[in-house]
Each structure stands twice: as C-alpha cells, then as structure tokens.
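K.L.:
2 protein chains.
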Amino acid sequence: MTYCLSIMTHEGLVMASDSRTNAGFDDLNVARKMHTFVQPGERVFVVLTSGSLSLSQSVMNLVRASFNAGEGLAQAQSMYEAAREVGQAVRQVSDMDRAALERDSYNFNVHLLLGGQVRGEEPRSFLIYPQGNPLSSTEDSPFLQLGEYKYGRPILDRGIVYNSTSLKVAAKYALLSFDATMRSNVTVGPPIELLMYQKDSFHLDNYRRFYGADAELSVIHALWERSLRHAVEDLPDIHMEPHPEAVSQTVLV
Amino acid sequence: MTYCLSIMTHEGLVMASDSRTNAGFDDLNVARKMHTFVQPGERVFVVLTSGSLSLSQSVMNLVRASFNAGEGLAQAQSMYEAAREVGQAVRQVSDMDRAALERDSYNFNVHLLLGGQVRGEEPRSFLIYPQGNPLSSTEDSPFLQLGEYKYGRPILDRGIVYNSTSLKVAAKYALLSFDATMRSNVTVGPPIELLMYQKDSFHLDNYRRFYGADAELSVIHALWERSLRHAVEDLPDIHMEPHPEAVSQTVLV
C-alpha cells in the first residue's frame, strides 16, 4: 500500500509520500514515490504516485521523457494543462498495459497527485485517476490523499484551513498524518519524503527525507504522543448515568 | 457503515457504538447497535453489531430469546462460552439466510463484539466473525473494532494501555475515536451509545447516549480540536533543506 498527501494553503503547497511498496505480504521494497520537475523561476511540479509500481514507473518515464525534450510539463501553460499532460501519460500506459493486466484479473491501478505552480497562476494540486481525468484541490477541500488515507485523515480534517494554516504548520500536520498512518498500518513505511513549496518561489528549497530512525522524527513522535495523552486526560470526565435496562423490567433477577 | 468499539483495561470495559445504518446512499436510518444482558451480581454482557441490519437483528433475536428462556448467555460459565453462544446464533442465521443471499450475490455479512464479565472471571471482550468463530481481546491488543475502524484507530493506538489506562480515560479515548470517525465519514453517525463497565460491578451503572446536538459532546469536540491545534503549533518547526534535484544537473535552465 501507499500513502501520499498534498496540502494546499494560501502560502503554498506541502507534498509528502511514503516509500514502501509491496507485492504480497512477503515482498516489501523501498521505492521513491515523489518526482520533481523544475524550471527555476518559471514552473515547479511535484508528482506523487500510488498503485502498481510497474504502471507508475511507466507513467513517470513518459512524463520525464517529454519534460526533458522540452514538451509536456515543460510547456504546460497552467496547472490544469499540466494535470492533463500527466493524465495523457496515464492513458498511454493504459493503452499499452490495461488489456494484458485485465486478462489476468489485475486492475489497471495507478493514481497520482500533481502539485506545483506555473508562473502567472496560484499553486494548485490535482489528483489524477487511472482513467486519466484530473480532480483539483479547492479552498474548501484543500488536501488530497492517495492510498491508505483513512488513518491520517482526521488530523487533517481538524487542522487544515486554506486561509489560515501556515506552510510550516501544514508541514507538521502532514508529518503527523504520516505518523498516525505508519503507527497503525505496516504497509505504509519510511523513508518519508516531505516537501514544502513556498508560493512564487519556483524553487524546491524545503525538502526532507525522513528515514525510520530519524532523530527529529522520533522527537516529534514522542512530543506528539505526550501532548495527545495530556490533552485527553485534561478533557472533562464524561457524565454517565445508569443504563435504561438496568432500571427496567427486562433485567433477569 | 458502522463503527463499534470495545476497550479492555485493568479496570473494566468501555463499549461504544454509533446508530447509523444505510441501505444505499439515499436510505439512511437510525438503529441501536448496542444490546445488553444482565443478571445483577452474576453476569453482564454487552453485544455490539455491524453488517447487514437484517442479519444482526436475527442474531440478536435468537440470543435474546435464549437468554430470556434462561439458556444461552444466561447459563454461560465463562466469557468464552458466551462468545461461543453468540457464534452459534450467527451460524443458525447463516443456515437460514446465507444461501438465499449468496444466490443474489450478497455476502453473509454480520460481525459482533461481545464484552462483559461472568462472576469468577476477569472482564473480557470478543469479536465474533460471520463464520461464528470468536477472537478475544488481549492485554497486548486491548481494543477491538468493527466497521469503519481506520479513522478512529490512531488515537487508540497511541493512548490505550491495558495496565495503565483508567476506565474514565478510556471512555474519553472511545469518544474521541468516534468523534474522529464521524468528522471524516458520514456513514457513521449519532446517536453514540457509550457504556463503561466497572470490573466486578455486575451492573450497568455508567451509560450515555449522545445525540448529534449533545451539549457535552460539542464541548468535548471543541476542547479537543483546540488542544490538538495548539499541540501541533507547539511542535518544533521541521528542519528543511534544498531538494537534491534543486542542486543537480537534472534541472532544466
């Protein structure tokens, strides 16, 4: 499984991905799921991938080749066009592989998150489906997730507000969302790649790769668990009363 | 969908369930999923149900009828025997309904949580599968969940420790686990039934049904979100560095 996340705030984007892949329970590997494309001062794109690693590698090969040739993402005039370029690559891989996969009862399973900024526009992020169609983040739904998303969602639902969450705080929420997911699900695992993109910087200045034994991550994890426990204990005790059946005739005596 | 939870601590049990049922997105209803069986001073059982409401109603009808006749749960000599009694009822309903369901491509889907205490034993809880077999909670895995379990799991993983979590604090964790789940998933909804069973009390003295607009629940929700936000903001800022590609030759200039 996989967990990937993009958060859009008024200050920019936070993108994060885990690095665990598995083909069955006994075949775990490490693979980077974060791919970056930069024309300094002009455009920045970050793509996060989930689904079949074979398929996402093929998609990224196509996207990278056209970028390096000065086409595709290198020419997109907007984030929407960029999302369509990535979707087009998904459809090319679908044309190559879908029939062979489905003949053996595999799904054509590849989802991507694209975040970034093209000069002249605000930063934005998109989720690209296996059918190639894009879904945009919005101010009301500022984060997008891929893969094992449920464990790490409540903390984001409670904390992320497009207009008020700063980029530095959004990065902390992202890390806590990953920490919650990894704590509860072994198919999501380190290294975690975390990237903070400052609006209008057109440069990738704020990046971090956290390995499993990262000292800073351990400190944040420990501080967080301690804060949570204290916060729970500080809540008022819940007022309880006897169960209705404890005072009704349905009790056998 | 459904969310049900049992937490076992050294002081007793916390059991909780939501009340939302749905047959499709446009057919939402309210149904109690918590069922209690008490012989004061002798035995207490709480059953939480998930899956097809038709099936769980049939199971509970059988369990209730035998209890009222002084059999089944009324005679079980241990929590394990009680779990087997409930599993037996699941198998009876399977004999009645499984073939007809599967003929129309429905799964035989009913899961139950049984918690309680029989005099002479410690409190315990069990998950009973659609096949009728029981899984016990343990000191290392002190909580059991049914249904939409992922959203509300990280807070439990971080907080619940069999030997040290008090019953009152476990009840707060349970409520927060439900709050997280309802915040992120509309198929889990109020009223929430919450029950705290004090070891060796053999009585249901601590129960609460929270409706959607419950004032105490709103206060706890608001206090919790505020505490969480403060805790996130108080974490140290994450140390970031330039992305490797920002300083490598793969950047197009």
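Going down the list, the protein sequences come from chains A and B.
By the working numbering, the letter at position 250 of the first sequence is numbered 230, and the numbering carries on one by one without gaps.
By the working numbering, the letter at position 9 of the second sequence is numbered -11, and the numbering carries on one by one without gaps.
No residue lacks a Cβ here, since even glycine has one placed at the ideal position from N, Cα and C.
In chain A, which residues lie less than 7 Å from B/H(-10) when you measure between Cβ atoms?
P.N.:
The contacting residues do not exist; B/H(-10) stays about 17 Å from chain A at best.
K.L.:
Give me the chain B residues within the contact set of A/R188, using Cβ-Cβ distance strictly less than 9 Å, ordered along the chain.
P.N.:
Here the neighbours are I218, H219, M220 and E221.
K.L.:
Examine chain A for any beta-carbon lying closer than 9 Å to the beta-carbon of B/N165, and answer yes or no.
P.N.:
Chain A, which has a Cβ nearer than 9 Å to the Cβ of B/N165, makes this yes.
K.L.:
Determine the chain A residues that contact B/K130 at a beta-carbon separation under 7 Å, and present them in chain order.
P.N.:
Within 7 Å Cβ-Cβ: K130 and Y131.
K.L.:
Please report the straight-line C-alpha distance between A/Y142 and B/V18, rounded to a whole angstrom.
P.N.:
Cα-Cα distance, rounded: 51 Å.
K.L.:
So, helix, strand or coil for A/P216, using DSSP?
P.N.:
Reduced to three states, the DSSP call for A/P216 is coil.
K.L.:
Distance cutoff 9 Å, beta carbons only. Does B/S207 sit that close to anything in chain A?
P.N.:
By this cut-off, B/S207 is an interface position.
K.L.:
With 9 Å set as the bound, which would you pick, yes or no: does the beta-carbon of B/A193 sit closer than that to a beta-carbon of chain A?
P.N.:
No, B/A193 does not count as interfacial toward chain A.
K.L.:
Taking a contact to mean a Cβ-Cβ separation below 9 Å, would you say A/G21 touches A/F182 in this structure?
P.N.:
Closer than 9 Å, so yes.
K.L.:
Is it buried or exposed, A/G(-8), if we count other Cβ atoms within 10 angstroms and call 16 or more buried?
P.N.:
The residue is buried, with at least 16 neighbouring Cβ atoms inside 10 Å.
K.L.:
With 8 Å as the limit, tell me which residues of the segment 69 to 99 of chain A have their beta carbon closer than that to any beta carbon of chain B; keep them in chain order.
P.N.:
Correct list: empty, as no residue qualifies.
K.L.:
With a cut-off of 8 Å, do at least 3 Cβ pairs link the segment 23 to 33 of chain A to the segment 86 to 106 of chain A?
P.N.:
Result yes; three or more Cβ-Cβ pairs closer than 8 Å.
K.L.:
Using a Cβ-Cβ cutoff of less than 6 Å, which residues in the same chain neighbour B/Q125 once the five nearest sequence positions on both sides are dropped?
P.N.:
Once the five neighbours on either side are set aside, the close Cβ partners of B/Q125 are L(-15).
K.L.:
Residues of the segment -1 to 20 of chain A with a CB closer than 7 Å to any CB of chain B: list them in chain order, please.
P.N.:
Those would be T16, V18, Q19 and P20, in chain order.
K.L.:
I need the DSSP call for B/P170, collapsed to helix, strand or coil.
P.N.:
In the structure shown, B/P170 sits in coil (DSSP, three-state: anything other than H, G, I, E or B).
K.L.:
Determine, using beta carbons only, whether B/I172 and B/S(-1) come nearer to each other than 9 Å.
P.N.:
Yes, these two residues count as a Cβ contact at 9 Å.
K.L.:
Is B/E51 helix, strand or coil by DSSP?
P.N.:
Coil at B/E51, not helix or strand.
K.L.:
Tell me which residues share the same chain as B/M40 and place their Cβ nearer than 6 Å to its Cβ, disregarding the 5 neighbours each side in the sequence.
P.N.:
These residues qualify, in order along the chain: H15.
K.L.:
Could you tell me how far apart the beta carbons of A/M(-5) and A/L175 are, in whole angstroms, since I believe they sit closer than 8 Å?
P.N.:
Sure, about 5 Å apart at Cβ, within 8 Å.
K.L.:
Taking the beta carbon of A/T118 as the centre, do at least 16 other beta carbons fall within 10 Å, making it buried, or is it exposed?
P.N.:
Exposed: under 16 other Cβ atoms inside 10 Å.
K.L.:
Mind pulling the alpha helix (DSSP H) runs of 4 or more residues that sit fully within the segment 20 to 90 of chain B?
P.N.:
Those alpha helix (DSSP H) runs which fall completely within the segment 20 to 90 of chain B and span 4+ residues are 33 to 48 and 59 to 83.
K.L.:
Which residues in the same chain have their Cβ closer than 8 Å to the Cβ of A/S164, if we skip the five residues on either side of it in sequence?
P.N.:
Around A/S164: Y131.
K.L.:
On the DSSP letters alone, give me the boundaries of the alpha helix (DSSP H) that B/S(-1) sits inside.
P.N.:
Premise fails: B/S(-1) is in no alpha helix (DSSP H) and is neither H nor E.
K.L.:
I need the DSSP call for A/E221, collapsed to helix, strand or coil.
P.N.:
If DSSP states are grouped into helix, strand and coil, A/E221 belongs with the strands.
K.L.:
Would you verify that the beta carbon of B/D180 is, or is not, closer than 9 Å to some beta carbon of chain A?
P.N.:
No, B/D180 does not count as interfacial toward chain A.
K.L.:
Using CA coordinates, which residue listed in B/R209, B/P222, B/A195 and B/Y177 is at the minimum distance from A/P222?
P.N.:
Answer by Cα proximity: B/Y177.
K.L.:
Where do the ends of the beta strand (DSSP E) carrying A/Y187 lie?
P.N.:
From DSSP, the beta strand (DSSP E) with A/Y187 extends over N186 to F190.
K.L.:
For B/D159 and A/D75, what's the separation of their Cα atoms in angstroms?
P.N.:
Cα to Cα, the separation comes out at about 44 Å.
K.L.:
Provide the residue span of the alpha helix (DSSP H) that contains B/Y(-17), from first to last.
P.N.:
Here B/Y(-17) belongs to no alpha helix (DSSP H); instead the beta strand (DSSP E) covers Y(-17) to T(-11).
K.L.:
Can you round the beta-carbon distance between B/V149 and A/V90 to whole angstroms, since I take them to be within the 8 Å contact cut?
P.N.:
About 44 Å; that fails the 8 Å criterion.
K.L.:
Let me see if you follow: with CB-CB separation under 9 Å, is B/A62 close to chain A or not?
P.N.:
False, the Cβ-Cβ gap to chain A never drops below 9 Å.
K.L.:
Would the beta-carbon of A/E196 fall within 9 Å of that of A/V168?
P.N.:
Cβ distance not < 9 Å, so A/E196 and A/V168 don't count as in contact.
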